[in-house]
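Here is the structure we will look at, set down as structure tokens.
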Amino acid sequence: MEISTLLSFSLILSLSFTSRIQGFEPSPAPRFVSSLAPGSPSYYSQAPDSGGTPAPAANDVSPPSPTLSFPPSLAPVPVTAEKVGEVAVAPAPEMEGSESFKGIGPSSIQEAEESGVQMVRWCTLRQNNEDCQLLVIALNQSNEYTWKCVQKDTAQECLESIKKGEADLINLEAGMAYVAFINYSMKAIANEVYCDHAKSYQAVAVVNRKACKENKGISLMDFEGHKSCHGGYSTAAGWNYPINHIKESLDSQKMNEREIAAGFFSKICAPSEFEGSGICSGCGNENGSCHLNSPYFGDPGAFRCLVEELGDIAFMKADTVLLYSMEGPHNQSWSSKSVRDFMYLCPEGGCREINDYPGSCSFGAVPANVIMASNSLPNRKRLFILQTLTNATLLEALHAGKYGASPLLSPSTQQIAVVKKLTRSYLGMSASISQSTQQLYTPINQTAPSTASPVSDMGSQSCSCGQNSLVVTLFSVLTMLWLLVFTPI
Numbered sequence: 400m401e402i403s404t405l406l407s408f409s410l411i412l413s414l415s416f417t418s419r420i421q422g423f424e425p426s427p428a429p430r431f432v433s434s435l436a437p438g439s440p441s442y443y444s445q446a447p448d449s450g451g452t453p454a455p456a457a458n459d460v461s462p463p464s465p466t467l468s469f470p471p472s473l474a475p476v477p478v479t480a481e482k483v484g485e486v487a488v489a490p491a492p493e494m495e496g497s498e499s500f501k502g503i504g505p506s507s508i509q510e511a512e513e514s515g516v517q518m519v520r521w522c523t524l525r526q527n528n529e530d531c532q533l534l535v536i537a538l539n540q541s542n543e544y545t546w547k548c549v550q551k552d553t554a555q556e557c558l559e560s561i562k563k564g565e566a567d568l569i570n571l572e573a574g575m576a577y578v579a580f581i582n583y584s585m586k587a588i589a590n591e592v593y594c595d596h597a598k599s600y601q602a603v604a605v606v607n608r609k610a611c612k613e614n615k616g617i618s619l620m621d622f623e624g625h626k627s628c629h630g631g632y633s634t635a636a637g638w639n640y641p642i643n644h645i646k647e648s649l650d651s652q653k654m655n656e657r658e659i660a661a662g663f664f665s666k667i668c669a670p671s672e673f674e675g676s677g678i679c680s681g682c683g684n685e686n687g688s689c690h691l692n693s694p695y696f697g698d699p700g701a702f703r704c705l706v707e708e709l710g711d712i713a714f715m716k717a718d719t720v721l722l723y724s725m726e727g728p729h730n731q732s733w734s735s736k737s738v739r740d741f742m743y744l745c746p747e748g749g750c751r752e753i754n755d756y757p758g759s760c761s762f763g764a765v766p767a768n769v770i771m772a773s774n775s776l777p778n779r780k781r782l783f784i785l786q787t788l789t790n791a792t793l794l795e796a797l798h799a800g801k802y803g804a805s806p807l808l809s810p811s812t813q814q815i816a817v818v819k820k821l822t823r824s825y826l827g828m829s830a831s832i833s834q835s836t837q838q839l840y841t842p843i844n845q846t847a848p849s850t851a852s853p854v855s856d857m858g859s860q861s862c863s864c865g866q867n868s869l870v871v872t873l874f875s876v877l878t879m880l881w882l883l884v885f886t887p888i
């Protein structure tokens, strides 16, 4: 009788330990995104990248950024609109699509206040601040929040300010948006929309018409040893897409992006939004530096580089020549040539007239410029931002010239739309190309980050739990054997 009691007690004890270790307790049911109509509050309040880590997919790996050294992300701090400024213990990450808006951000998120009015702070470059103030006039139509321009010298400083909680928003092209997503834990909340409701643009190469006439079958490979102009280092259309194409054409898998570019072109003008990372041998300056203040920065700058014959080929958005040529609506003092003086260069060979629709004569489609925000932006503020930016009256006022041109939006922007996808999904192929290009620049002696997916992490945890359970079970069996042997009958 005593043996039976002891055996029963031992068995119950082992099962109890096993249950606790393996976590047999019922888990809460996951929450899924429901189908909501545009315009409803919940439509705006869904967080495309909820959770502290912006890694929605198994293949959404965060590679090291090329030549850039960024500080590590800060600890996750959940924030709600009702408790702005309070610091709480970060819970376990929630499923993608959760209605709550938690993420990685500063340890204390205290919204800026001025005269008791909460602020929405849009980070802009210092040279654009005067124009930004004109846009703020159009945006400040509500008493709930006041819009404000935060002046910084570089986009890098803007990203740092957003990470520290000193600013809220910045508008970035796809290549830089990927850097903000990977290195600053930011998320896409809204995107530009262009003519015919387009939410992407084409990345193209532009050359002088004379080069096309002299060689009917000319291709990008024929420009090896020539001078190149790029809209920006690490930008999608200006750098990532063409360099990735050259890499694949040359089968240069073991070379980094700078080696590929420097080995292919004789001189390069690729200004950068990050200090010290531009490639400036072809920018026409003696000190070899090129940053945001370079006259050859951005898509207009790449075209200017070609117009002023600093380069033989330029990489940019497809509509750049139409906008900034002599006949273009945004022509500049340097716009001394006609759109008819240039042609699209098809990557696989041949040329095509410039008409904003290059079709197959491009490196591919790039997602529209996207408004990025901190992953810790409160729901209430994000809802207000999206409702304001998607207001048709605002865009009509901007296009009517009432408040002047905005440096915060592309010249071809027709409206703003809410990003309903996860940031990695929105960036799509552009993110894959950015990741591939940036991985090329990983130093050989640098250890690559872990590529283990959440699935594999869960598997390892399950294995550990199973091992602990086995130990407890074996202990119980040994206990029963000991009782059988040493207990008197």
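Here our numbering is used: the first residue of the sequence shown is 400, the next is one more, and so on. We put the beta carbon where it would ideally sit given N, CA and C, even for glycine. All figures in this text were calculated on a predicted structure; none of them were measured in a lab.
Inter-residue Cα distance where the pair is N655 and T836: As a first step, residue 655 is located in the sequence shown; it is residue number 256 there, counting from the start. As a first step, residue 836 is located in the sequence shown; it is residue number 437 there, counting from the start. CA-CA distance, N655 to T836, rounds to 8 Å.
What residue from G637, F663, Y632, S633 has the CA that sits closest to E647's CA? Locating residue 647 in the sequence shown gives position 248, counting from the first residue. For the residues G637, F663, Y632, S633, the minimum Cα distance to E647 belongs to F663.
Who are the near neighbours of D755 in its chain, counting only those whose CB is closer than 6 Å to its CB and skipping five residues on each side? If you number the sequence shown from 1, residue 755 lands on position 356. The residues are A717, D718, L721.
Excluding the five sequence neighbours on either side, which residues of its own chain have a C-beta within less than 8 Å of the C-beta of A597, listed in chain order? Position 198 of the sequence shown, counted from the first residue, corresponds to residue 597. Excluding sequence neighbours, A597 sits near A767.
According to DSSP, is K562 part of a helix, a strand, or is it coil? Your numbering for residue 562 matches position 163 in the sequence shown. In the structure shown, the three-state DSSP call for K562 is helix.
Using 10 angstroms around the beta-carbon of S633, count the other beta-carbons present and answer buried if the total reaches 16, otherwise exposed. Within the sequence shown, the letter at position 234 stands for residue 633. By the neighbour-count rule (16 or more Cβ atoms within 10 Å), S633 is buried.
Helix, strand or coil for V818 per DSSP? The sequence position of residue 818 within the sequence shown is 419, counting from 1. In this structure, V818 counts as coil in the three-state DSSP scheme.
Considering only the alpha carbon of each residue, which of Y825, K819, P777, I832 lies closest to Q517? Within the sequence shown, numbered from 1, the residue matching residue 517 stands at position 118. For the residues Y825, K819, P777, I832, the minimum Cα distance to Q517 belongs to P777.
Helix, strand or coil at E647 according to DSSP, with G and I counted as helix: Against the sequence shown, residue 647 aligns to sequence position 248. Note: E647 maps to helix in three-state DSSP.
What residues are listed by DSSP as bridge partners for M575? Translated into positions along the sequence shown, residue 575 becomes position 176. Within the DSSP secondary-structure output, M575 pairs in no beta bridge.
So is P641 buried or exposed if we call it buried at 16+ other beta carbons inside 10 Å? Position 242 of the sequence shown, counted from the first residue, corresponds to residue 641. Counting of Cβ neighbours within 10 angstroms places P641 among the buried residues, the total reaching 16 or more.
Which word fits E572, buried or exposed, when buried means at least 16 other C-beta atoms lie within 10 angstroms of its C-beta? The sequence position of residue 572 within the sequence shown is 173, counting from 1. Buried, since its Cβ has 16 or more Cβ neighbours within 10 Å.
Mapping the DSSP letters down to three states, classify L524 as helix, strand or coil. Residue numbering aside, residue 524 sits at position 125 when the sequence shown is read from its first letter. Note: L524 maps to strand in three-state DSSP.
Reference N607; option with closest CA among V765, S737, C689: The count along the sequence shown starts at 1 and reaches residue 607 at position 208. Closest in alpha carbon position to N607, among V765, S737, C689, is S737.
If we count Cβ pairs, one from each stretch, closer than 8 Å, do we get three or more for the segment 663-675 versus the segment 599-616? Short answer: they don't touch.
Using alpha carbons as the reference points, say which of H729, I753, W733, Q731 lies closest to R739. Within the sequence shown, the letter at position 340 stands for residue 739. Nearest of H729, I753, W733, Q731 to R739, Cα basis: I753.
Only counting the same chain, and skipping five residues up and downstream in sequence, which positions put a Cβ closer than 7 Å to that of A456? Counting from 1 along the sequence shown, the entry for residue 456 is found at position 57. For A456, the predicted model reports a pLDDT of 39, less than 50, meaning its position is unreliable; a value from the coordinates is still stated below. Here the set comprises R823.
Classify N730 as buried or exposed, calling it buried when 16 or more other Cβ atoms lie within 10 Å of its own Cβ. The residue you call residue 730 lines up with position 331 of the sequence shown. By the neighbour-count rule (16 or more Cβ atoms within 10 Å), N730 is not buried but exposed.
Checking 8 Å against the spacing of the C-beta atoms, do S893 and M742 come in under that value? No answer is possible for residue 893: it lies beyond the span of the chain, which begins at 400 and ends at 888.
Reference E559, options F580, Q540, N539, W546, closest by Cα: On the sequence shown, position 160 is the one that residue 559 refers to. Of F580, Q540, N539, W546, the residue nearest in Cα terms is F580.
Measure how close the beta-carbons of V818 and V769 come, nearest whole angstrom, since I'm counting them as under 8 Å. On the sequence shown, position 419 is the one that residue 818 refers to. On the sequence shown, position 370 is the one that residue 769 refers to. With 8 Å as the limit, V818 and V769 qualify as a contact, their Cβ atoms being about 7 Å apart.
Spatially closest choice to A537 from H629, N614, L788, by CA coordinates: Sequence index remark: in the sequence shown, residue 537 carries index 138 (1-based). Comparing Cα positions, the closest option is L788.
Which of helix, strand or coil does DSSP assign to A660? As a working note, residue 660 is residue 261 in the sequence shown. Assigned with DSSP and collapsed to three states, A660 falls in helix.
DSSP state of P641 mapped onto helix, strand, coil: As a working note, residue 641 is residue 242 in the sequence shown. Residue state, collapsed to three classes: helix.
Give the secondary structure of T719 by DSSP, where H, G and I count as helix, E and B as strand, and everything else as coil. Counting from one through the sequence shown, the residue named residue 719 turns up at place 320. The answer is helix: DSSP assigns T719 an H, G or I state.
Nearer than 7 Å: is that true of the beta carbon of R520 relative to any heavy atom of the ligand MG? This structure does not include the ligand MG; it has no bound ligands of any sort.
So, are the CB atoms of G574 and S833 less than 8 Å apart? Counting from 1 along the sequence shown, the entry for residue 574 is found at position 175. Counting from 1 along the sequence shown, the entry for residue 833 is found at position 434. Taking 8 Å as the cut-off, the beta carbon of G574 is found closer than this to the beta carbon of S833.
For the beta strand (DSSP E) that contains I588, what are its first and last residues? Reading the sequence shown from its first residue, position 189 is the one you call residue 588. For I588, the uninterrupted beta strand (DSSP E) segment begins and ends at 585-592.
Applying the 10 Å Cβ sphere with the 16-neighbour rule, what's the burial state of E658? Within the sequence shown, the letter at position 259 stands for residue 658. Per the 10 Å Cβ criterion, exposed.
Please work out which residues of its chain come closer than 7 Å, Cβ to Cβ, to C548, disregarding the five sequence neighbours upstream and downstream, and give them in chain order. Residue numbering aside, residue 548 sits at position 149 when the sequence shown is read from its first letter. Same-chain partners within the cutoff: W521, T523, N528, C531, Q532, V535.
The beta strand (DSSP E) spanning I667 covers which residue range? Looking up residue 667 in the sequence shown gives position 268. 666-668 is the span of the beta strand (DSSP E), which, as asked, contains I667.
Helix, strand or coil for L785, going by three-state DSSP, please let me know. Along the sequence shown, one-based indexing puts residue 785 at 386. In this structure, L785 counts as helix in the three-state DSSP scheme.
Taking only runs that begin and end inside the segment 745-790, name each unbroken beta strand (DSSP E) of 3 or more residues, in chain order. As far as the segment 745-790 is concerned, its whole beta strand (DSSP E) runs of at least 3 residues are 763-766, 769-773.
How big is the Cα-Cα spacing for L709 and G683? Here residue 709 is taken as the residue at index 310 of the sequence shown, counted from 1. Here residue 683 is taken as the residue at index 284 of the sequence shown, counted from 1. For L709 and G683, the distance between alpha carbons rounds to 7 Å.
From M715 to N582, what distance separates their C-alpha atoms? Taking the first residue of the sequence shown as position 1, residue 715 is located at position 316. Taking the first residue of the sequence shown as position 1, residue 582 is located at position 183. A direct Cα-to-Cα measurement between M715 and N582 gives close to 24 Å.
Within the continuous beta strand (DSSP E) that includes K626, where are the two ends? If you number the sequence shown from 1, residue 626 lands on position 227. That run of the beta strand (DSSP E) goes 626-629.
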